[in-house]
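Numbering follows the working numbering, with no gaps: position 438 of the sequence shown is 482.
Just so you know, even glycine gets a beta-carbon here, dropped at the ideal spot from N, CA and C.
The structure appears below as structure tokens.
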Amino acid sequence: MKSGAKIGPAGRVLIILARLKESEMLKLVLGAAGSGKTAYIISMIKKAVDEKSGGQYLIVPEQYSHEAERELCFACGDALSLYAEVLSFSRLALRVEQELGTGGKVPLDKGGRLLSMTLALRQGAPFLRLYSAAAHKPELQMQLMNTVEELKMARVSSKALLEAAEKTQGGLSEKLHDLALCLEGYEAVLSAGHTDPADRLSRLAEIIGQSSVGETGHIYIDGFTDFTGSELEVIAALLKKDADVTVCLSCDSLEADSEHFEPSRKTARTLLRLASERGIDSEIISFDRDLEKSRTLGFFQEGLFQYTEETMETAGGALSLIRCDDIRGECEMAAARCLDLVREKGCRWRDIAIAVRGFDDYSAALSQTFALYDIPLFIARRESILQKNIPNFIKCAFEVIFGGWDKDAVSEYMKTGLCGISRDDCDLLDSYALMWNIRGSQWYREKPWTQNPRGLSVEETPEDRLLLQRIDAARRAVTMPLEALYKSGKKALTAEEQAQVLYDFLLQIDLPSRLGERASALEEAGFTLLSAELSQIWDIIVSSLEQLSALLGSLPLSQEEFSRLFSRQLSQYEVSAIPISADSVAAGDMDRMRRRHIKHLFILGASDEQLPRGGDGGGLLSSEEREELSFLGLPLCGGIEDISREFSLIYNCVSLPSESIIISYPAFQNDGSALRPSFLINRAKALFNMETEIFSLSEARLSAQNPAYIMAVGDKTKKGELAREYFLSTDKGKERLKELSQRVSMDRGRLSEDSLISLYGKELSISPSRADSFSACRFSYFLRYGLGLKERERASFDAPELGTFMHYVLENAANEISSSGGFKNADEAHIEAVTEKHIQAYIREKLNNLEDKSPRFIYLFSRLRPSVASVVADMVRELSRSDFAPLDFELSFMKGGDEPQLRIEGGKTALNISGIADRVDGCLIDGVLYLRVIDYKTGKKSFSLSDIYHGMGMQMLLYLFALETQGERRYGSPVAPAGVLYVPAKDPLISAPSDLTDGELAKQRAKERQRSGLILNSEKVIRAMEGSDEPEYIPLKYKKDGSVSGDSLADEDGFSLLKTHGEKKLLELSEAISQGSIDARPYYRSEQENACLFCPYGSVCRFDEEKDQRHYLAKLKPEEFWSRLEDEK
């Protein structure tokens, strides 16, 4: 035995020679994390570089290669590249292949390996015992691919699997038999000219002896906890060619039993056995822990898994334990502490790292929180390519052509933004498709679309026709490439042909150049990562198509099968981000930490559920099955080794920082259930007699400007007041605080004068229905008529369209019947003929002869025809019993209309009211023309004095009072108001028992047909309206003494009061609008009757019960209504 002395600052070094020879062939450098092993290796490489001795190789895990190169460059200077090189095992393989010229086969990536496994299963499925029925399922194919990769890395052959299958029974025996066949079939597919990257190290082990690697110089291996079977073969091959090899492993002595060092300790024994079997000298160098590291952290690292009674009095600020309410709280704590470290201790962002076990739960919250605190953050993660837009675009294209051109599928395809049309055209096309329920062959037909883009209830204008042409052109731009894709795919017979068809489609839509333009735009806008990602994804798409074509070639494949297979292939790819700044906080999962030399480490999510993370073996083999295979000599990972690896991972993570560790856990999960601290926190508490801190969110938010603004706005505590005082002390802070306070308080404010003019013009112009809308809710009015926000509509015969249809038929049928004999002489046959004539005219003029209408639309329309005929007959019947006759249909009050618009002055801004009266009837009595205004209603609208009082439902009265002023000029006789009536314009549905008699049914129908409104309380007027003693249509009754009764009567003074009240309400409305009022003040009568019930703007309004106010409308009895109007005089 021979022992050595101290080497450098790393501590005491013990050298034990297992064999004495002139030069040591295998060195094992053992020691706890941070004990100086890497520093020792760097010093040895530096010495060789200084002596100009070449052939120095440092092999590290792929994720550490960049940092290792940087450390070596710093230590060795510019001469490093002449004498030393940093490699991973895979890069070492590439280097040897290039030197020997043996890299002729095409290496497959994950997607190519999945395709190879899919092909192998297609050929071998009939011979499988356990997996035969599920061989076509994507999930099994991916699990088999991963298991085969694991078998290859562990150097387990199909022969070994078959032998193990014979030694086991039941399900495991069948499983091993199938795995052996799958492995053989997979190898057979690869033999056609491709290679699996998992075999690369095995080939390296075979050929490295022929290379120059290891002939001179030294091979150093660092950063590994253990090695795969393939990596061990490479090391063995290096030893076999008498290369000097030094391997660093984090563990204590080989005789110890600490569980967290077990994976490395087992690896050390394996390497010593390999050296011994080959007659090669070996040397063990043991390092004590690093005395330069914080004494607290060293003690914590050493005592974490050694359960002794030794403790330290205090952690001295190097270790903190923090309990937060939830994940978001942990992220804010980390951000605030990072700011403190940089400000108070002068460290750089790159000196800080954040580690989480189960990082996906924290990724979004960390990104958002660090952006809020204005801290640069790099997240070490990889995302599935399927989450990105380009693969989704391809998936959507196939969903369209295989899903029968479903509207939703086409919509999703267009909204990817890659289909070749602008965003505006996409919105127009999508809205048109929704309105007219476009689906199936309607998308790709040759004939242009013809239906009005604004729907059924409006007249088509020249502007509408131009818009329709634009929509139709966009439709063709979208569908023509998809049609070509489908037709070409139908002709293609093989995998290679299908791949070419898809590639041609991507070229046809000019995707490469558009992606290039988008990448350039992103680059110019400063989104460097997104720009690089686009190029990365396009390269993956093209490479995948090339691999699929090369691997499956002449394999018969339909387009639908190809689409599923290609999507499955793409699911294997991930894209990763590259740090855009060298100085940023690094965050990631514990097993993906890229920085080995940091000063401060945050470990978040340290709850009992996350640390240590339990393992079930994973894949097709359970933990128990892996244990059994290990007993049979098949060294697969998993089983009881999982917990040792997990402890090793935690230990290595804890050993990273040199100055401080902050460990936190959330007290509650997202669902509100409580969490317990992990063993990591409990062990720290035991070692340092310390307690867990309770995180203060308010203190954290005072550490940065943006979160401090949040506190100043919404926090009523002393710290919130402190933040408010600070910001109010500066003009900039005061202005920003005012802006944020307004947003938080949901104060909708008022429109400025400039905004009012921009939205509504210098003079206000509204219709009676818009006046009702403003009275119902001012904010809703602003959104609809100010900003122009509208629901996306479907073309159907709902209330507006049904109303348009009814008005058209009623107006034209009444005109024709009145001019061809009158209502009193019209018989049933004539009424039916005239009604049908105008229904057909409507179909011809307004519905384009029902061309392009869906079967459902035609069916619904056909159901309405009897209802329209019934309403016309009812109108004729009423007018045949009345002395009132129609004078005008669709009488317009507007600029250029039949009558001038109504004008209300006296307020800040003049108010112009425009609208159309459905019908005006008149009757000449004693030389005075009495007028009544009729409004057709397809809904359940009824006349309400309470509505009138609150400024709603005044439409007919406004027209009546306008005619009272202007009617004599129009009709040539003095005029007076006779009343207003809502007329039901639909055939009523009667809900009644099945045994109802015909007479009772007739009474029910008559009740439903009765008009609703207000009539002049004049016997002559009433008798002229309906001469019967039992009125069927007008809303009143006769008493036994012959007088009339009912709430729908008003005398001349009453109509005068109504006119004054209406002008007052319109003046109030004008003032409210002109003052910029946009309050959310919806009317409310009950839960079943209020402005919010069917309001489409709920998601925009976000009505707040505390800050907004409802406008409660009391129902007034008639006598109370008239009394209040009297009081307004």
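Considering Cα atoms alone, identify which of the options is closest to residue i.
i        : options                              : result
Arg-907  : Gln-100, Ile-883, Phe-646            : Ile-883
Glu-690  : Glu-561, Ser-747, Phe-305, Ser-330   : Phe-305
Glu-490  : Leu-578, Pro-497, Leu-473, Arg-519   : Arg-519
Ser-607  : Ile-329, Pro-435, Ser-485            : Pro-435
Met-69   : Gly-214, Ala-242, Thr-290, Arg-247   : Thr-290
Glu-231  : Ser-160, Lys-1103, Leu-248           : Ser-160
Gly-1023 : Glu-605, Val-757, Glu-1008           : Glu-1008
Ile-6    : Leu-931, Ile-419, Ile-585            : Since the first and last residues shown for the chain are 45 and 1173, residue 6 lies out of range.
Glu-618  : Gln-431, Asp-404, His-1155, Gly-1142 : Gln-431
Leu-601  : Ser-575, Ala-539, His-644, Glu-1163  : Ala-539
Leu-19   : Ser-235, Cys-470, Leu-1111           : The structure shown does not extend to residue 19, since the chain is modelled only from 45 through 1173, so no value can be given for it.
Gly-597  : Ala-543, Asn-859, Ile-553, Thr-352   : Ala-543
Val-545  : Ala-569, Ala-441, Glu-504, Leu-566   : Ala-441
Taking DSSP as the reference, what is the three-state secondary structure of residue i?
i        : result
Asn-859  : helix
Tyr-617  : coil
Tyr-852  : helix
Arg-657  : coil
Ser-867  : Per the sequence shown, residue 867 should be read as Phe rather than Ser. Looking at Phe-867 - three-state DSSP - the assignment turns out to be coil, as it is neither helix nor strand.
Val-502  : coil
Glu-837  : coil
Asp-583  : helix
Ser-67   : Confidence at Ser-67 is low in this model, with a pLDDT of 48, below 50, so the placement of that residue should be treated as unreliable; the coordinate-derived value is given next. Here Ser-67 sits in coil by DSSP.
Gln-713  : coil
Lys-1173 : coil
Leu-1093 : strand
Gln-412  : helix
Val-1027 : strand
Gln-350  : coil
Gln-495  : coil
Ser-330  : strand
I believe residue i touches residue j by the beta-carbon criterion, under 8 Å. Please report the beta-carbon distance rounded to the nearest angstrom.
i        : j        : result
Phe-646  : Ile-398  : 4 Å
Arg-925  : Ser-1072 : 7 Å
Leu-1001 : Leu-1160 : That pair is no contact at about 16 Å.
Phe-571  : Leu-592  : No, Phe-571 and Leu-592 are not in contact; Cβ-Cβ is about 31 Å, not under 8 Å.
Phe-849  : Tyr-903  : Between Tyr-903 and Phe-849 the Cβ distance is about 15 Å, and since that is not below 8 Å, they are no contact.
Ile-706  : Arg-309  : With a Cβ gap of about 30 Å, Ile-706 and Arg-309 do not count as contacting.
Leu-731  : Phe-414  : In fact, because the Cβ distance is near 31 Å, the residues do not count as touching under 8 Å.
Phe-422  : Ala-748  : With a Cβ gap of about 19 Å, Phe-422 and Ala-748 do not count as contacting.
Asp-1152 : Ala-1124 : 4 Å
DSSP has residue i in a bridge; who is on the other side?
i        : result
Leu-946  : Ile-957
Ala-576  : Looking at the DSSP assignment, Ala-576 forms no beta bridge with any residue, so it has no partner.
Gly-966  : Ala-929, Leu-975
His-644  : Ile-396, Ser-704
Arg-1176 : It is not possible to answer for residue 1176, since the shown part of the chain is limited to 45 through 1173.
His-1105 : According to DSSP, His-1105 bridges with nothing at all.
Leu-676  : According to DSSP, Leu-676 bridges with nothing at all.
Take residue i and list the residues in its own chain whose beta-carbon comes closer than 6 Å to its own, dropping the five residues that flank it on each side.
i        : result
Cys-967  : Asp-927, Phe-928, Tyr-974, Ala-1068
Trp-493  : Asp-516
Leu-472  : Ile-515
Met-996  : Asp-816, Ser-819
Trp-582  : Leu-559
Leu-1169 : Leu-1101, His-1105
Leu-846  : Thr-982
Leaving out the 5 sequence neighbours to the left and right, which residues in its chain are closer than 8 Å to residue i when beta-carbon positions are compared?
i       : result
Glu-735 : Leu-365, Lys-729
Leu-772 : Lys-778, Leu-781
Glu-737 : Ser-364, Leu-365, Ile-366, Arg-367
The ligand PLP heavy atoms versus the CB of residue i: any closer than 8 Å?
i       : result
Trp-393 : Questions concerning the ligand PLP fall outside what the structure shown contains, since it holds no ligand whatsoever.
Might you give, ordered along the chain, the residues of its own chain that have their beta carbon closer than 7 Å to the beta carbon of residue i, omitting 5 neighbours on each side?
i       : result
Gln-185 : Leu-158, Met-161, Thr-162, Leu-165
Glu-218 : Arg-173, Leu-174
Pro-105 : Ser-132, Gly-267, Phe-268
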